[in-house]
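Heads up: the sequence shown at position 307 corresponds to 307 in full-length UniProt numbering, and the numbers run straight through without jumps. Written out below as structure tokens is the structure these notes cover.
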Amino acid sequence: MIQSRASAALRNTSVLARSFRSSAALKTPAPSALSHAPSAPNAKGRLPGGRVIGNEAALQFVQGKREATKDILNEFSLDGKCTVVSGGAGGLGLEIAQSLCEAGAVVHVFDMPPTPSDTFTAVQEYVKALGSRLVYHQMDVSNQDAVFKLCDKIGEEEGGIQGAVCAAAILETYDCCDYPAEAFEKIMRINAGGVLYTSQGVARQMRKYKQAGSIAMIASMSGSITNRDQHWVGYNSSKSAVLQLARSLAAELGPEDIRVNCISPGHFSTPMTEKVFSQNPGLKEKWESGSPMQRLGIHHELRGVAVWLLSSASSFVQGSDVKVSGGYETW
Ligand SMILES: NC(=O)c1ccc[n+]([C@@H]2O[C@H](COP(=O)([O-])OP(=O)(O)OC[C@H]3O[C@@H](n4cnc5c(N)ncnc54)[C@H](O)[C@@H]3O)[C@@H](O)[C@H]2O)c1
Numbered sequence: 001m002i003q004s005r006a007s008a009a010l011r012n013t014s015v016l017a018r019s020f021r022s023s024a025a026l027k028t029p030a031p032s033a034l035s036h037a038p039s040a041p042n043a044k045g046r047l048p049g050g051r052v053i054g055n056e057a058a059l060q061f062v063q064g065k066r067e068a069t070k071d072i073l074n075e076f077s078l079d080g081k082c083t084v085v086s087g088g089a090g091g092l093g094l095e096i097a098q099s100l101c102e103a104g105a106v107v108h109v110f111d112m113p114p115t116p117s118d119t120f121t122a123v124q125e126y127v128k129a130l131g132s133r134l135v136y137h138q139m140d141v142s143n144q145d146a147v148f149k150l151c152d153k154i155g156e157e158e159g160g161i162q163g164a165v166c167a168a169a170i171l172e173t174y175d176c177c178d179y180p181a182e183a184f185e186k187i188m189r190i191n192a193g194g195v196l197y198t199s200q201g202v203a204r205q206m207r208k209y210k211q212a213g214s215i216a217m218i219a220s221m222s223g224s225i226t227n228r229d230q231h232w233v234g235y236n237s238s239k240s241a242v243l244q245l246a247r248s249l250a251a252e253l254g255p256e257d258i259r260v261n262c263i264s265p266g267h268f269s270t271p272m273t274e275k276v277f278s279q280n281p282g283l284k285e286k287w288e289s290g291s292p293m294q295r296l297g298i299h300h301e302l303r304g305v306a307v308w309l310l311s312s313a314s315s316f317v318q319g320s321d322v323k324v325s326g327g328y329e330t331w
């Protein structure tokens, strides 16, 4: 009985769906139609932009209430968003900055060099051709007051800041018994303090403009494990601090629809690691052979995860650590 009622309902809905399909082709909505503009605070349980997607969309479709649309890739869109990338002058940060621009965001980079590199200006030109914008600011992220002032200025100019990737960091090697206090304080001030101050600067704008947002902190697998044979107690401890910063901020800011997560890369080939390799012959090969994938990460291999974490596609991901290590810590 129940079965026959269900099949009658299905027959009716598929008749409706057929007539709807004949008048409407499968559509891909413009990214802005999914409204990745920040939702209101406390938008608990809402779909991105209040739009119906997924199974509910399919049910509405078979009832003849809407067209079929390809929504999934548009959930990754950052159209209309303003974001900050610290440490984005080069290395992983610049690759991430470009990926955010390609996804539609305007990106403001905070880094140390007074002027950006040729690669940076090439990326600026490239994203301009895509209709996006990459802006460089010389900024020491360990200066909380200066970071706050710059975030205020960007917020005013852009109408808020809805995302950040905090990638600025340094790496130093000292024997654990001889680590100078000054050097330890410096690495904590930049790697942990700088991530906190950038996140604060950006979250204050989200709060000020009552906008939802997402912050991705670049930690490291070195925050959870110790790299064999490397004397990195300062770096490793600073990255553990980043993991805890993300959890703590996620807990405090979650009610305001502000998401905070970590990305923990494994070994990647960048200026930071090239310096380590030049001082340690054979280390690159050792790291490669120690990984299930038998290679280092390539600098562009954080693009997808960064865009995902800043977009609505990860809308219920909060306080997490996403490891991108080629499986280095699996054994
Ligand atoms: N390369 C790897 O294998 C690897 C692995 C795990 C985690 N990470 C992390 O990824 C992030 C990017 O590293 P990378 O490998 O691209 O190294 P990188 O040295 O190329 O990038 C770090 C950037 O941070 C900037 N920076 C340093 N101090 C700063 C300060 N006080 N204010 C502003 N900017 C500052 C540097 O100028 C540089 O552009 C870092 O957080 C690093 O710890 C890298």
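Ideal placement from N, C-alpha and C gives every residue a C-beta, glycine not left out. Remember, predicted model here, so these are calculated numbers, not experimental data.
- Keeping to the same chain, check which residues put their C-beta closer than 6 Å to that of Ala169; ignore five residues upstream and five downstream. Position 169 of the sequence shown holds residue 169. Cβ within range, chain order: Asn191.
- Message: Taking the beta carbon of Asp118 as the centre, do at least 16 other beta carbons fall within 10 Å, making it buried, or is it exposed?
- Response: In the sequence shown, counting from the first residue as 1, residue 118 sits at position 118. Flag for Asp118 reads exposed.
- Is the closest heavy atom of ligand 1 to the C-beta of Leu92 under 6 Å? For the purposes of this step, residue 92 is taken as the residue at position 92 of the sequence shown. Yes, the Cβ of Leu92 comes within 6 Å of a heavy atom of ligand 1.
- Task: Determine the closest residue to Ser315 out of Ala216, Ser237, Cys82, with distance taken between C-alpha atoms.
- Result: Looking up residue 315 in the sequence shown gives position 315. Cα-wise, what sits closest to Ser315 is Ala216.
- Task: Report yes or no: do the stretch 212-228 and the stretch 178-187 share at least 3 C-beta pairs separated by less than 8 Å?
- Result: no
- In the DSSP assignment, find the unbroken beta strand (DSSP E) run with Gly93 in it and report its ends. Reading the sequence shown from its first residue, position 93 is the one you call residue 93. Element bounds for Gly93: not the beta strand (DSSP E) but the alpha helix (DSSP H), 91-102.
- Look at the Cβ atom of Val195, then the Cβ atom of Leu245, and state whether they are nearer than 7 Å. Counting from 1 along the sequence shown, the entry for residue 195 is found at position 195. Counting from 1 along the sequence shown, the entry for residue 245 is found at position 245. Yes. Within cutoff.
- Item | Limits of the unbroken beta strand (DSSP E) element including Val324 | On the sequence shown, position 324 is the one that residue 324 refers to. First-last of the beta strand (DSSP E) with Val324: 321-324.
- Item | Distance between beta carbons of Ile263 and Leu309, contact taken as under 8 Å | The count along the sequence shown starts at 1 and reaches residue 309 at position 309. The count along the sequence shown starts at 1 and reaches residue 263 at position 263. Yes, they are in contact, since the Cβ atoms of Leu309 and Ile263 sit about 7 Å apart, within 8 Å.
- Query: Among residues of its own chain, excluding the 5 on either side of Met206, which ones have a beta-carbon nearer than 6 Å to its beta-carbon?
  - Reply: Counted from its first residue, the sequence shown places residue 206 at position 206. So the list reads Gly213, Ile258, once near-sequence residues are dropped.
- Query: Whose C-beta lies closer than 7 Å to the C-beta of Met272 among residues of the same chain, with five residues either side of it excluded?
  - Reply: Residue 272 sits at position 272 when you count from the first residue of the sequence shown. If we look at Met272 and ignore the five residues flanking it on each side, its Cβ neighbours are Gly91, Leu171.
- Query: Hey, is Asp229 close to ligand 1, as in C-beta under 6 Å from one of its heavy atoms?
  - Reply: Mapped onto the sequence shown, residue 229 falls at position 229. Flag unset: Cβ of Asp229 not near ligand 1.
- Item | Run of the alpha helix (DSSP H) containing Gln162, from where it starts to where it stops | In the sequence shown, counting from the first residue as 1, residue 162 sits at position 162. No alpha helix (DSSP H) holds Gln162; DSSP gives it neither H nor E.
- Beta-carbon contacts of Gly327 that lie in its chain and below 7 Å, excluding the five residues immediately before and after: Taking the sequence shown and counting its residues from 1, the one referred to as residue 327 is at position 327. Apart from sequence neighbours up to five positions away, the residues of its chain that approach Gly327 with a beta-carbon distance below 7 Å are Ser291, Pro292, Met293, ordered along the chain.
- Which two residues bound the contiguous beta strand (DSSP E) that contains Ile263? Numbered from its first residue, the sequence shown carries residue 263 at position 263. Its beta strand (DSSP E) spans residues 258-265.
- Any non-hydrogen atom of ligand 1 closer than 6 Å to Phe268 Cβ: In the sequence shown, residue 268 corresponds to position 268, counting from 1. Correct: Phe268 has its Cβ closer than 6 Å to ligand 1.
- Message: Nearest by alpha-carbon distance to Lys239: which of Gln230, Ser220, Pro255, Asn143 is it?
- Response: Locating residue 239 in the sequence shown gives position 239, where the first residue counts as 1. Lys239 has its Cα closest to that of Ser220, out of Gln230, Ser220, Pro255, Asn143.
- Item | Residues near Thr330 by beta carbon distance below 7 Å, same chain, minus five either side | Position 330 of the sequence shown, counting from 1, holds the residue named residue 330. Correct list, in chain order: Pro292.
- Just the C-alpha distance for Thr65 and Leu73, rounded to the nearest angstrom, thanks. Position 65 of the sequence shown, counted from the start, is the residue given in the question as residue 65. Position 73 of the sequence shown, counted from the start, is the residue given in the question as residue 73. Looking at the sequence shown, residue 65 is not Thr but Lys. Straight-line Cα distance between these residues: approximately 22 Å.
- Message: I need the DSSP call for Tyr179, collapsed to helix, strand or coil.
- Response: One-based indexing of the sequence shown puts residue 179 at position 179. Collapsing the DSSP output to three states places Tyr179 in coil.
- Task: Let me know the secondary structure DSSP gives Tyr174 once reduced to three states.
- Result: The residue you call residue 174 lines up with position 174 of the sequence shown. Tyr174: coil per DSSP, three-state reduction.
- Message: In whole angstroms, give me the CA-to-CA distance for Gln162 and Asn55.
- Response: Indexing the sequence shown from 1 puts residue 162 at position 162. Indexing the sequence shown from 1 puts residue 55 at position 55. Each residue's Cα considered, the two are about 28 Å apart.
- Three-state secondary structure (DSSP) at Gly297? Mapped onto the sequence shown, residue 297 falls at position 297. Looking at Gly297 - three-state DSSP - the assignment turns out to be strand.
- DSSP beta-bridge partners of Ile72: Counted from its first residue, the sequence shown places residue 72 at position 72. Looking at the DSSP assignment, Ile72 forms no beta bridge with any residue, so it has no partner.
- Let me know the secondary structure DSSP gives Ala25 once reduced to three states. In the sequence shown, the residue the question calls residue 25 occupies position 25. Bear in mind that the predicted position of Ala25 carries a pLDDT of just 43, short of 50, making it too unreliable to give a figure here.
- Could you check the C-alpha separation between Phe20 and Ala241 for me, to the nearest Å? Reading the sequence shown from its first residue, position 20 is the one you call residue 20. Reading the sequence shown from its first residue, position 241 is the one you call residue 241. Residue placement at Phe20 is poorly supported in this model, since its pLDDT is 40, which falls under 50; the coordinates are not used for a value here.
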